[in-house]
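Visitor: Have a look at this one before I ask anything.
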């Protein structure tokens, strides 16, 4: 076994006390290290896993070992609650792609401490496979999550809304408004203000969210920014100077409004999760009740878990979790109530709109490594969704099917090297909708999710059987410049995979 892509040397910073999940990933890297002929035992004892880009669940992982007598490894780690954190500080990572830039370093002889200002980079030998490290992460994700700590972290604003808007403008305009140029010192920023051409068909002073070069703003005057973690507005330094707008304003209003909308949803979800975690108990919705009832009735009917007996009092419940320590991934199943441990956080339940959400508990594994599971067959969650979704979900919008998720995954993988960073903050999704001004026929395309909004209802998705159905969203203002048309390719995926998930086909 040889080093992946050669042995790469990358720089690091001070250590941070990691949790159980990160320690398990590090241990896996140490075990792999032993099989490498080019590495010494000392390097293997200091081996560690680092997230190079993307999320812990689906991003790129690699193993590293610090250089002898060099600084400890920095980069991006993962918390016990599945959050990407800076390995040096333990704080939430602003961008898990920061450490990937270090992969371009060629050898230890070319590395030096002049790079030490970039604390997010790594240096050391690199090896390991992303798929294997992902498997280790998924196996242990959330099992060691401390809910009290999660609640405290979620209650704190990790990243202000204005900072997110500024990041989008800065990265999107890094070529047109480079941060090291005279008129764009520090890069473009976002403000709610006037733009070029104001007055043509509109109020000449109608402010909208736009990106501005610093030279187009007066920082001695008060402009309008977003406040805290919400889309509320507040006064801030930097008001548009209309005479200087000729080459210093960009109308990315639709994208900035989408960021505000999405981040407000994220903040609301974080607040809800914090409240649920603080109470150690989450309210059980209608869909989860239906899943529990299906488990209770099925297991009572076969005599394996009678609700009236002390050994299974109350009946079986439905959870998505690992059924055994050796399981490759969590699956839906029916569990004895005695298998549920309220001190764990590994189990997943179903929200009333069909989304997987933490239950606030977990499946307890016996000393043998097996769970107390009384029914081996997997639970058919999609059938329950189809039967009870309309009555349960207040929005009335159907959840995305597994087939639609496969289409989204296809687009994400296809464009992973093209659409990333702040420009594609919310990833890439598959939709059948219109494109630019010349593409007015709906076709399957891969869209930068920042150009899709729930204020529209024009896009089509597919259900589990490949039937086109409204997504509940659409291209913002009916015009997109951030998409890649893939109609033949996506249509072929639908035809090929609709037999895999469709209940009607599976019953034949």
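Numbering (the UniProt record's numbering), first residue to last: 1 to 508. The beta carbon of each residue, even a glycine, is placed where N, CA and C say it ideally should be.
Can you tell me which of the three DSSP states residue 58 falls into?
Guide: The residue you call residue 58 lines up with position 58 of the chain shown. Note: residue 58 maps to coil in three-state DSSP.
Visitor: Thinking just about the alpha-carbon of each residue, which of 478, 426, 85 is nearest to the one in residue 438?
Guide: Here residue 438 refers to the residue found at position 438 of the chain shown. Looking at the Cα atoms, 478 is the closest of the given residues.
Visitor: Select from 240, 383, 192, 253 the residue whose C-alpha is nearest the C-alpha of residue 463.
Guide: Your numbering for residue 463 matches position 463 in the chain shown. Ranking 240, 383, 192, 253 by Cα distance to residue 463 puts 383 first.
Visitor: Between the beta-carbon of residue 440 and the beta-carbon of residue 430, is there less than 9 Å?
Guide: On the chain shown, position 440 is the one that residue 440 refers to. On the chain shown, position 430 is the one that residue 430 refers to. Not closer than 9 Å, so no.
Visitor: Tell me whether the beta-carbon of residue 224 lies closer than 9 Å to the beta-carbon of residue 235.
Guide: The residue given as residue 224 occupies position 224 in the chain shown. The residue given as residue 235 occupies position 235 in the chain shown. Yes, the pair counts as a contact, with Cβ atoms nearer than the cut-off.
Visitor: Taking the alpha carbon of residue 362 as the reference point, which residue from 332, 388, 381, 212 has its own alpha carbon closest?
Guide: In the chain shown, the residue the question calls residue 362 occupies position 362. Among 332, 388, 381, 212, the Cα nearest to that of residue 362 is on 332.
Visitor: Express the C-alpha separation of residue 349 and residue 357 in angstroms, rounding to a whole number.
Guide: Along the chain shown, read from residue 1 onward, the residue named residue 357 stands at position 357. Along the chain shown, read from residue 1 onward, the residue named residue 349 stands at position 349. Approximately 5 Å, taken between the alpha carbons.
Visitor: May I have the straight-line CA-CA distance separating residue 135 from residue 25, to the nearest angstrom?
Guide: Here the question's residue 135 lines up with position 135 in the chain shown. Here the question's residue 25 lines up with position 25 in the chain shown. For residue 135 and residue 25, the distance between alpha carbons rounds to 10 Å.
Visitor: Under the three-state reduction of DSSP, which class applies to residue 511: helix, strand or coil?
Guide: This structure does not reach residue 511, given that the chain is present from 1 up to 508, and the question cannot be answered.
Visitor: Within the continuous alpha helix (DSSP H) that includes residue 494, where are the two ends?
Guide: Residue mapping note: residue 494 aligns to position 494 of the chain shown, counting from 1. Looking at the DSSP string, the run of the alpha helix (DSSP H) that includes residue 494 is 487-501.
Visitor: Looking at the unbroken beta strand (DSSP E) that takes in residue 236, where does it start and where does it end?
Guide: Within the chain shown, residue 236 is the residue found at index 236, counting from 1. 233-240 is the extent of the beta strand (DSSP E) around residue 236.
Visitor: Any idea if residue 499 is buried or exposed, counting beta-carbon neighbours within 10 angstroms, 16 or more meaning buried?
Guide: Within the chain shown, numbered from 1, the residue matching residue 499 stands at position 499. Classification of residue 499: exposed, given that the 10 Å Cβ count is below 16.
Visitor: According to DSSP, simplified to helix, strand and coil, what is residue 34?
Guide: Locating residue 34 in the chain shown gives position 34, where the first residue counts as 1. Residue 34: helix per DSSP, three-state reduction.
Visitor: How about residue 295 and residue 334: do their beta carbons lie closer than 9 Å?
Guide: Looking up residue 295 in the chain shown gives position 295. Looking up residue 334 in the chain shown gives position 334. Cβ distance < 9 Å, so residue 295 and residue 334 count as in contact.
Visitor: Kindly indicate which three-state DSSP category residue 320 falls into: helix, strand or coil?
Guide: On the chain shown, position 320 is the one that residue 320 refers to. In this structure, residue 320 counts as strand in the three-state DSSP scheme.
Visitor: Indicate whether at least one CB of chain E lies closer than 9 Å to the CB of residue 64.
Guide: The chain labelled as chain E is not found in the depicted structure, where only one protein chain is given.
Visitor: If you follow the beta strand (DSSP E) that residue 579 is in, where does it begin and where does it stop?
Guide: It is not possible to answer for residue 579, since the shown part of the chain is limited to 1 through 508.
Visitor: Whole-angstrom Cβ separation of residue 415 and residue 428, contact assumed at under 8 Å?
Guide: Locating residue 415 in the chain shown gives position 415, counting from the first residue. Locating residue 428 in the chain shown gives position 428, counting from the first residue. Their Cβ separation, rounded to whole angstroms, is 5 Å, which keeps residue 415 and residue 428 in contact under 8 Å.
Visitor: Can you tell me whether DSSP reads residue 279 as helix, strand or coil?
Guide: As a position in the chain shown, residue 279 is number 279, starting the count at 1. Reliability of the predicted coordinates at residue 279 is poor, the pLDDT of 45 falling under 50, and the value obtained from them is presented with this limitation in mind. The answer is coil: DSSP assigns residue 279 none of H, G, I, E or B.
Visitor: For residue 325, count neighbouring Cβ atoms within 10 angstroms of its own Cβ and tell me buried if that reaches 16, exposed if not.
Guide: Within the chain shown, residue 325 is the residue found at index 325, counting from 1. Burial call: exposed.
Visitor: Looking only at DSSP bridge pairs, what is residue 340 linked to?
Guide: Your numbering for residue 340 matches position 340 in the chain shown. Bridge partners of residue 340: 363.
Visitor: Would you tell me roughly how many angstroms separate the C-alpha atoms of residue 422 and residue 315, rounded to the nearest one?
Guide: As a position in the chain shown, residue 422 is number 422, starting the count at 1. As a position in the chain shown, residue 315 is number 315, starting the count at 1. So the two alpha carbons sit approximately 47 Å from each other.
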